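Here the structure comes first, spelled out in structure tokens, and everything after it is commentary.
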Amino acid sequence: MRVDKIIVDSLQEAVEELRSAYGENAQIISSRVVKTRRWPFLPFFKKTQLEVTIGIPEPEDFKEQVDKNSVLYEEIERLKKTLQEVMEAVRLEDVEGVKKEPEFSEDVSNRVVEVYRKLTYKGVRKEIAKRFVEDACGYDMELKKLDFKEGIYESIKESVEKNVRIEEDFLSITPKVIALVGPTGVGKTTTIAKLAYLFKRREKSVGVITLDSYRVGAVEQLKSFVKVLELPLKIAETPTQFSEALRELSEKDIILVDTAGRSQHDKLRLNELKMFFDVLDVSVYLTLSTNLSELVMYETILQYGVLPVKGLIFSKLDETSYPGSFLNVAYRTQMPILCFTTGQTVPDDIVIANYDFITRLLLEEKYGLRPAGDSS
Ligand SMILES: Nc1nc2c(ncn2[C@@H]2O[C@H](COP(=O)(O)OP(=O)(O)OP(=O)(O)O)[C@@H](O)[C@H]2O)c(=O)[nH]1
Ligand SMILES: [Mg+2]
Numbered sequence: 430m431r432v433d434k435i436i437v438d439s440l441q442e443a444v445e446e447l448r449s450a451y452g453e454n455a456q457i458i459s460s461r462v463v464k465t466r467r468w469p470f471l472p473f474f475k476k477t478q479l480e481v482t483i484g485i486p487e488p489e490d491f492k493e494q495v496d497k498n499s500v501l502y503e504e505i506e507r508l509k510k511t512l513q514e515v516m517e518a519v520r521l522e523d524v525e526g527v528k529k530e531p532e533f534s535e536d537v538s539n540r541v542v543e544v545y546r547k548l549t550y551k552g553v554r555k556e557i558a559k560r561f562v563e564d565a566c567g568y569d570m571e572l573k574k575l576d577f578k579e580g581i582y583e584s585i586k587e588s589v590e591k592n593v594r595i596e597e598d599f600l601s602i603t604p605k606v607i608a609l610v611g612p613t614g615v616g617k618t619t620t621i622a623k624l625a626y627l628f629k630r631r632e633k634s635v636g637v638i639t640l641d642s643y644r645v646g647a648v649e650q651l652k653s654f655v656k657v658l659e660l661p662l663k664i665a666e667t668p669t670q671f672s673e674a675l676r677e678l679s680e681k682d683i684i685l686v687d688t689a690g691r692s693q694h695d696k697l698r699l700n701e702l703k704m705f706f707d708v709l710d711v712s713v714y715l716t717l718s719t720n721l722s723e724l725v726m727y728e729t730i731l732q733y734g735v736l737p738v739k740g741l742i743f744s745k746l747d748e749t750s751y752p753g754s755f756l757n758v759a760y761r762t763q764m765p766i767l768c769f770t771t772g773q774t775v776p777d778d779i780v781i782a783n784y785d786f787i788t789r790l791l792l793e794e795k796y797g798l799r800p801a802g803d804s805s
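This note's numbering puts the first residue of the sequence shown at 430, with every later residue one more than the last.
Okay, here's the thing in structure tokens:
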């Protein structure tokens, strides 16, 4: 990819100029305000303009990775359509409330009703809770009702396995490059540190790259983590520097990539990130804080759909009273969950997604926040 700079009056102008000269694949990497002379011979009359850094892809850069990502993007497009409808339904439900309990297809046993209520109490939407308990049931000839096929825990776990996707064997499969993206302050950097520790404990070699050199203190925060773990850290500000850093760390089993938090509404900054991930083979995970409302989580997934997001991380589970909302999102999007984070402590407060943990989270009064990381 070739990186260039242009001076324009507005971002709109930059986008138009870029598209007409280089087509859809050219992207804006960053922009800054500059003062330019209105007339070269009169130094005092200055005009405020934008200096925009643009990336012009070379054809060979894109081909392979875009082919790979196109399947992912097709999935994301399908998901976006479903999410629009889901969001409308959730909005209505939140505003008007659902007056009626969904009807079960058959009469159900008392313990099924009890578990159904527990799930809804934890924030699982009624129709989703119904689906989860029904999938865990069979018809009991003696009771002449629907009842759990086995014990409550085993039955619900089976249902969770059927309805929720997780990244299986995440800690074992290497080599790979994993990038965490998401809104500001959701816990990306802390999660990178926790993941680095888990991989290291499994005797994998780990390198870290940060694309976050904007926020004051961001690099220092990461430096303090990697220093303790004795890991190499590279800082990349442009896609070219990023591919250079990846090359330098190519001997590692795992490369973890931290990014700057970006509001889901900031399209320009999201498109900057796209430049980094469309060209190189990176597994991108979107981090969502579970204390966000479910609607905001859907909205964030929609807006982050400009990136090849492969799966989700649910952070700050310790801060939510309704852990069920993550289940609604995971069920409705069918995006695989990579991990949960459960507190501020590095490296302990992380759980690599596993069906046992999710089932306990749904059924137990107070879920066990530890041990978990490495239970897979
Ligand atoms: N309660 C709780 N706090 C967390 C968790 N994970 C991270 N935090 C805290 O959230 C704050 C932000 O964490 P960071 O890791 O810096 O978040 P970030 O997404 O990298 O933030 P930006 O880079 O600014 O976008 C810190 O105070 C963390 O200690 C968690 O699972 N639970
Ligand atoms: Mg950060």
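Glycine residues also receive a C-beta, built at the ideal position from the N, C-alpha and C atoms.
Fair warning: this is a prediction, and the values are worked out from it, not measured in the lab.
Residue i burial status per 10 Å Cβ neighbour count (16 or more: buried)
i: residue 642; result: exposed
i: residue 721; result: buried
i: residue 602; result: exposed
i: residue 436; result: exposed
i: residue 604; result: exposed
i: residue 523; result: exposed
i: residue 576; result: buried
i: residue 568; result: exposed
i: residue 803; result: Unreliable positioning characterises residue 803 in this predicted model, as indicated by a pLDDT of 43, which lies under 50. A coordinate reading is not provided.
i: residue 726; result: buried
i: residue 625; result: buried
Range of the contiguous alpha helix (DSSP H) that encloses residue i
i: residue 533; result: Per DSSP, residue 533 belongs to no alpha helix (DSSP H) and is neither H nor E.
i: residue 451; result: 440 to 451
i: residue 576; result: Run containing residue 576: none in the alpha helix (DSSP H); it sits in the beta strand (DSSP E), 574 to 577.
i: residue 560; result: 555 to 564
i: residue 625; result: 617 to 630
i: residue 729; result: 723 to 732
Sequence-distant residues of its chain with Cβ nearer than 6 Å to residue i (five each side left out)
i: residue 744; result: 615, 616, 716, 718 and 770
i: residue 766; result: 595, 741, 759 and 782
i: residue 704; result: 456, 458, 484 and 668
i: residue 647; result: 641
i: residue 761; result: 515
i: residue 431; result: 485
i: residue 764; result: 740 and 741
Reduced DSSP category for residue i - H, G, I as helix; E, B as strand; rest coil
i: residue 696; result: helix
i: residue 580; result: coil
i: residue 601; result: coil
i: residue 703; result: helix
i: residue 541; result: helix
i: residue 709; result: coil
i: residue 518; result: helix
i: residue 587; result: helix
i: residue 571; result: coil
i: residue 551; result: coil
Own chain, CB closer than 7 Å to residue i, minus 5 neighbours either side, in chain order
i: residue 552; result: 751, 752, 753 and 754
i: residue 502; result: 737
i: residue 545; result: 558, 559 and 562
i: residue 787; result: 589 and 593
i: residue 535; result: 568, 574 and 575
Any non-hydrogen atom of ligand 4 within 7 Å of residue i CB
i: residue 747; result: As far as ligands go, the structure on display features ligand 1 and ligand 2 and does not contain ligand 4.
First and last residue of the uninterrupted beta strand (DSSP E) at residue i
i: residue 594; result: Element bounds for residue 594: n/a, residue is neither H nor E.
i: residue 741; result: 738 to 744
i: residue 433; result: 431 to 437
i: residue 637; result: 635 to 639
Close Cβ partners of residue i (< 8 Å) along its chain, the five nearest in sequence each way excluded
i: residue 638; result: 662, 663, 664, 665, 671, 674, 675, 678, 684, 685, 686 and 687
i: residue 448; result: 455
Quiz item: Which runs of the alpha helix (DSSP H) spanning at least 4 residues fall entirely within the stretch 747 to 788, listed in chain order?
Solution: The stretch 747 to 788 contains, as complete alpha helix (DSSP H) runs of 4+ residues, the segments 753 to 762 (chain order).
Quiz item: Can you list, in chain order, the stretches of the alpha helix (DSSP H) that have 4 or more residues and sit fully within the stretch 644 to 692?
Solution: 647 to 658 and 668 to 677
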